[in-house]
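Heads up, the sequence shown is in the numbering used here, so the first residue is 136 and it goes up one at a time.
One structure below.
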Amino acid sequence: MQCLPNLKSLDLNWSKHLKIVPDFSMMTSLEVINFDGCESLIEIPSSIQCLERLDSLDLSHCKKLRSVPQMPRGIKYLELANSGVEEWSPSSIQHLDNLLVLDITHCQNLRSLPRIIYCNTFIRLDISFCPNLIMSPQIMESSEVLPSSNNGIVELDLRGCKMLNSLPNSTCELKRLEILNLHGCSYLEKLPPLYGLCSLKKLYLDSTALVEIPPDIVSLSSLELLSLSYTPMEELPSSIGCLSSLVSLYLKRCKNLKSLPNSICKLKCLETLHLGGCSNLKKLPPLYGLCYLRDLYLDGTALVKIPLDIFSLSSLGVLFLNDTQIEELPSSIGCELNFCNCVNLDQNARGTIMADAIQRIKELAIARSYRALYRHFLVGLPGSKIPEWLSCEGPGHLIETSFPPGCFNNMFRGFVFCAILELKAPVFDDEDGPLTCQSSFKNNNGYREVNFTSEYIFLENTIESDHVLFWYDGDDIFFRLAQTKL
Numbered sequence: 136m137q138c139l140p141n142l143k144s145l146d147l148n149w150s151k152h153l154k155i156v157p158d159f160s161m162m163t164s165l166e167v168i169n170f171d172g173c174e175s176l177i178e179i180p181s182s183i184q185c186l187e188r189l190d191s192l193d194l195s196h197c198k199k200l201r202s203v204p205q206m207p208r209g210i211k212y213l214e215l216a217n218s219g220v221e222e223w224s225p226s227s228i229q230h231l232d233n234l235l236v237l238d239i240t241h242c243q244n245l246r247s248l249p250r251i252i253y254c255n256t257f258i259r260l261d262i263s264f265c266p267n268l269i270m271s272p273q274i275m276e277s278s279e280v281l282p283s284s285n286n287g288i289v290e291l292d293l294r295g296c297k298m299l300n301s302l303p304n305s306t307c308e309l310k311r312l313e314i315l316n317l318h319g320c321s322y323l324e325k326l327p328p329l330y331g332l333c334s335l336k337k338l339y340l341d342s343t344a345l346v347e348i349p350p351d352i353v354s355l356s357s358l359e360l361l362s363l364s365y366t367p368m369e370e371l372p373s374s375i376g377c378l379s380s381l382v383s384l385y386l387k388r389c390k391n392l393k394s395l396p397n398s399i400c401k402l403k404c405l406e407t408l409h410l411g412g413c414s415n416l417k418k419l420p421p422l423y424g425l426c427y428l429r430d431l432y433l434d435g436t437a438l439v440k441i442p443l444d445i446f447s448l449s450s451l452g453v454l455f456l457n458d459t460q461i462e463e464l465p466s467s468i469g470c471e472l473n474f475c476n477c478v479n480l481d482q483n484a485r486g487t488i489m490a491d492a493i494q495r496i497k498e499l500a501i502a503r504s505y506r507a508l509y510r511h512f513l514v515g516l517p518g519s520k521i522p523e524w525l526s527c528e529g530p531g532h533l534i535e536t537s538f539p540p541g542c543f544n545n546m547f548r549g550f551v552f553c554a555i556l557e558l559k560a561p562v563f564d565d566e567d568g569p570l571t572c573q574s575s576f577k578n579n580n581g582y583r584e585v586n587f588t589s590e591y592i593f594l595e596n597t598i599e600s601d602h603v604l605f606w607y608d609g610d611d612i613f614f615r616l617a618q619t620k621l
């Protein structure tokens, strides 16, 4: 096997008993090597650095591999996910001028990387879920790398590196970086300067130890997603209002968060604001400027009323208010209203919800003819009675009914489904689950059968009383009934 000068690809993946591989010095044409799953492999010969044509090396799941030799300079893809690698010598990856992807995910034994990694060509550097990695390497790009160029790292993934407590200041020099993922870096208390990350679009800081965001976040002019969920964050800087490109802001279960800056109303592009589980949040800032806000999650907050300017949110389609003490309700907003576990709602409030639901369903059914953005309307609230305007009902989980001839015509607009959930705990085994309605249509002779499924995604694992759930579904499959002669 050693004298195969024309061999281009060597694939020995999942050879679980392979311990030693041959010398590579006479396989100079090799372009691809795959040792993925070679769990007994203990060493890669140093002769691998002679393979000038090597593009890809996969050492994933090589559990007994402890170190990596110097790699050939032309390699583009280096995979070591779930390997047993403990450390890297500086020479092993220091001068890999063509490297595009380096994947070192789930390396449980990895404690250190070379202090400096030069990455003129990197697109993705994935070091996620290395729980014993203490320090991130200093990533250096050539001074020639510009945001408009094709060189430079685009994605840096360090999520799940639980022991990581800092990032080097040089991180701010990554001009082409678009995604920085630090989710689950539970010891990370502080961020490096951010001012140079002019291309950054997504910043994940969930489940870190951050208590504040540096004011220079204002420099992230391209940022579209900022996720700060499950952090001890106490407040946001007023400069957050300068993030002119921000589309999604996640602050789920930030239990120390007591307020939001008034400048948040300046986020003209914001479509999703998730404040669910912010149990100390008692008041919202002005929202009138959020003209594109579609999804607003306020479930599990300390709010007792909704600000009047919520009526100005003309694009709002989803509003979650479950597990709050809210007693007064807005009307005529949204395509998904979740009031589950809002036990303080009186009969008048529940009647308002029902009346509003009927009107919204009519509007959606009509708008469906004009390619409306939303084709669904969902409502959940405490209760045990099916609305009287629903004509077909019955006990148990099965209903059979007949439709008059010709009802599935061009005027047909969809179905409204309804279900009563009795008090049980838990409702679903998982954190959340779908309430599924399976429907089957056929004519008197049993021909032309049409089947479809409609779902209500129920987000509560437990409920504190009986609940009524109903939803309108205007999916395309229903409208095919209009072309089906039943």
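We treat Cβ as the ideally placed atom computed from N, Cα and C, and that holds for glycine.
Small disclaimer: the values here were computed from a predicted structure and weren't measured.
Alpha carbon to alpha carbon, how far is lysine 577 from tyrosine 212?
Your numbering for residue 577 matches position 442 in the sequence shown. Your numbering for residue 212 matches position 77 in the sequence shown. The C-alpha of lysine 577 lies about 55 Å from the C-alpha of tyrosine 212.
Work out the CA separation of glycine 287 and proline 272 for me, nearest whole Å.
Here residue 272 corresponds to residue number 137 of the sequence shown, with the count starting at 1. Here residue 287 corresponds to residue number 152 of the sequence shown, with the count starting at 1. So the two alpha carbons sit approximately 16 Å from each other.
Check whether the Cβ atoms of serine 218 and leucine 248 lie closer than 7 Å to each other.
Here the question's residue 218 lines up with position 83 in the sequence shown. Here the question's residue 248 lines up with position 113 in the sequence shown. Taking 7 Å as the Cβ cut-off, serine 218 and leucine 248 do not qualify as a contacting pair.
Comparing the C-beta of proline 327 with each C-beta of chain D, is any distance below 7 Å?
You won't find chain D in this structure, because it holds only one protein chain.
Using the rule of at least 16 other Cβ atoms within 10 Å of the residue's Cβ for burial, across every protein chain shown, is arginine 294 buried or exposed?
Taking the sequence shown and counting its residues from 1, the one referred to as residue 294 is at position 159. The residue is buried, with at least 16 neighbouring Cβ atoms inside 10 Å.
Ordered along the chain, which non-local residues of its own chain (more than five positions away) have a Cβ less than 7 Å from that of glycine 424?
The sequence position of residue 424 within the sequence shown is 289, counting from 1. Cys400, Lys401, Lys403, listed in sequence order.
Beta-carbon separation of glutamate 290 and arginine 250 under 7 Å?
Along the sequence shown, one-based indexing puts residue 290 at 155. Along the sequence shown, one-based indexing puts residue 250 at 115. Not closer than 7 Å, so no.
Helix, strand or coil for proline 350, going by three-state DSSP, please let me know.
Sequence index remark: in the sequence shown, residue 350 carries index 215 (1-based). Secondary structure at proline 350: helix, using DSSP grouped into helix, strand and coil.
Can you list, in chain order, the residues of its chain whose CB lies under 6 Å from that of aspartate 261, leaving out five sequence neighbours each side?
Stepping through the sequence shown from its first residue, residue 261 is reached at position 126. Excluding sequence neighbours, aspartate 261 sits near Asp238, Thr240, Asp292.
Using three-state DSSP, classify isoleucine 228 as helix, strand or coil.
Your numbering for residue 228 matches position 93 in the sequence shown. Per DSSP, reduced to three states, the secondary structure at isoleucine 228 is helical.
Give the secondary structure of glutamine 460 by DSSP, where H, G and I count as helix, E and B as strand, and everything else as coil.
Translated into positions along the sequence shown, residue 460 becomes position 325. The three-state secondary structure of glutamine 460, taken from DSSP, is coil.
Assign leucine 329 to one of three DSSP states: helix, strand, or coil.
One-based indexing of the sequence shown puts residue 329 at position 194. Coil at leucine 329, not helix or strand.
With a cut-off of 8 Å on the beta carbons, I'd call valine 203 and serine 227 a contact; round off their distance for me.
Your numbering for residue 203 matches position 68 in the sequence shown. Your numbering for residue 227 matches position 92 in the sequence shown. Serine 227 and valine 203 do touch by the CB rule: their CB atoms are close to 5 Å apart, below 8 Å.
Using alpha carbons as the reference points, say which of Ala344, Leu358, Asn316 lies closest to cysteine 333.
Within the sequence shown, the letter at position 198 stands for residue 333. Closest by alpha carbon: Leu358.
Answer yes or no: the CB of serine 380 versus the heavy atoms of the ligand SAH, is any distance below 6 Å?
Absence of the ligand SAH is noted for the structure shown, with no ligands found whatsoever.
For aspartate 434, the nearest candidate out of Val167, Asp458, Met162 (CA to CA)
In the sequence shown, the residue the question calls residue 434 occupies position 299. From the listed residues Val167, Asp458, Met162, the smallest Cα separation to aspartate 434 is found for Asp458.
Quick check: what's the CA-CA separation for isoleucine 598 versus alanine 554?
Residue mapping note: residue 598 aligns to position 463 of the sequence shown, counting from 1. Residue mapping note: residue 554 aligns to position 419 of the sequence shown, counting from 1. Distance from the CA atom of isoleucine 598 to the CA atom of alanine 554, rounded to whole angstroms, is 14 Å.
For asparagine 304, collect the residues of the same chain with a Cβ closer than 7 Å to its Cβ; drop the 5 residues on either side in sequence, then sort them by chain order.
Here residue 304 refers to the residue found at position 169 when the sequence shown is read from its first residue. Sequence-distant Cβ neighbours of asparagine 304 in its own chain, meaning closer than 7 Å and more than five residues away, are Pro327, Pro328.
Can you check DSSP and say which residues form a bridge with arginine 259?
Position 124 of the sequence shown, counted from the first residue, corresponds to residue 259. Under DSSP, arginine 259 takes part in a beta bridge, and its partners are Val236, Glu290.
Which whole-angstrom value describes the C-beta separation of phenylalanine 605 and phenylalanine 550, a residue pair presumed to lie in contact below a C-beta threshold of 8 Å?
Walking along the sequence shown from the start, residue 605 turns up at place 470. Walking along the sequence shown from the start, residue 550 turns up at place 415. Not confirmed; about 11 Å, so no contact.
Closer than 8 Å is the cut-off here; do at least three beta carbon pairs connect the stretch 410-428 with the stretch 447-454?
Yes, the stretch 410-428 touches the stretch 447-454.
If you draw a straight line from the alpha carbon of tyrosine 432 to that of glycine 172, how long is it in whole angstroms?
Along the sequence shown, read from residue 1 onward, the residue named residue 432 stands at position 297. Along the sequence shown, read from residue 1 onward, the residue named residue 172 stands at position 37. A straight-line Cα-Cα distance of about 43 Å links tyrosine 432 and glycine 172.
Neighbourhood of tyrosine 350 by C-beta, 6 Å cutoff - its chain only, sequence neighbours within 5 removed:
Here the question's residue 350 lines up with position 215 in the sequence shown. Here the sequence assigns proline to residue 350, which means tyrosine is not the residue at that position. Excluding residues within five positions, the ones whose Cβ falls inside 6 Å are Pro372, Ser374.
To the nearest whole angstrom, what separates the beta carbons of phenylalanine 159 and isoleucine 183, a pair I think is in contact under 8 Å?
Against the sequence shown, residue 159 aligns to sequence position 24. Against the sequence shown, residue 183 aligns to sequence position 48. Rounded, the Cβ-Cβ distance is 5 Å, consistent with contact.
Suppose contacts are defined by Cβ-Cβ distances below 7 Å. Is phenylalanine 512 in contact with leucine 499 by that definition?
The count along the sequence shown starts at 1 and reaches residue 512 at position 377. The count along the sequence shown starts at 1 and reaches residue 499 at position 364. Going by C-beta atoms, phenylalanine 512 is nearer than 7 Å to leucine 499.
Cutoff 8 Å; reference glutamate 528; Cβ partners in own chain excluding five residues on either side
What you label residue 528 is simply residue 393 of the sequence shown in a count that begins at 1. Within the same chain, glutamate 528 has close Cβ partners Ile521, Ile534, Cys553.
For the stretch 161-232, list the beta strand (DSSP E) runs that are entirely contained and at least 3 residues long, ordered along the chain.
Within the stretch 161-232, the runs of beta strand (DSSP E) that reach at least 3 residues and sit entirely inside it are, in chain order, 167-169, 191-193, 212-214.
For aspartate 146 and glycine 376, I'd like the C-alpha separation in whole angstroms.
Against the sequence shown, residue 146 aligns to sequence position 11. Against the sequence shown, residue 376 aligns to sequence position 241. Using only the alpha carbons, I get a separation of about 53 Å.
Exposure of aspartate 232, with buried meaning 16 or more beta-carbon neighbours within 10 Å:
To locate residue 232, count along the sequence shown from 1; it is residue 97. By the neighbour-count rule (16 or more Cβ atoms within 10 Å), aspartate 232 is not buried but exposed.
Inter-residue CB distance, arginine 622 and isoleucine 274 (contact presumed, cutoff 8 Å):
Given that the chain is displayed from residue 136 to residue 621, the structure contains no residue 622 and the question cannot be resolved.
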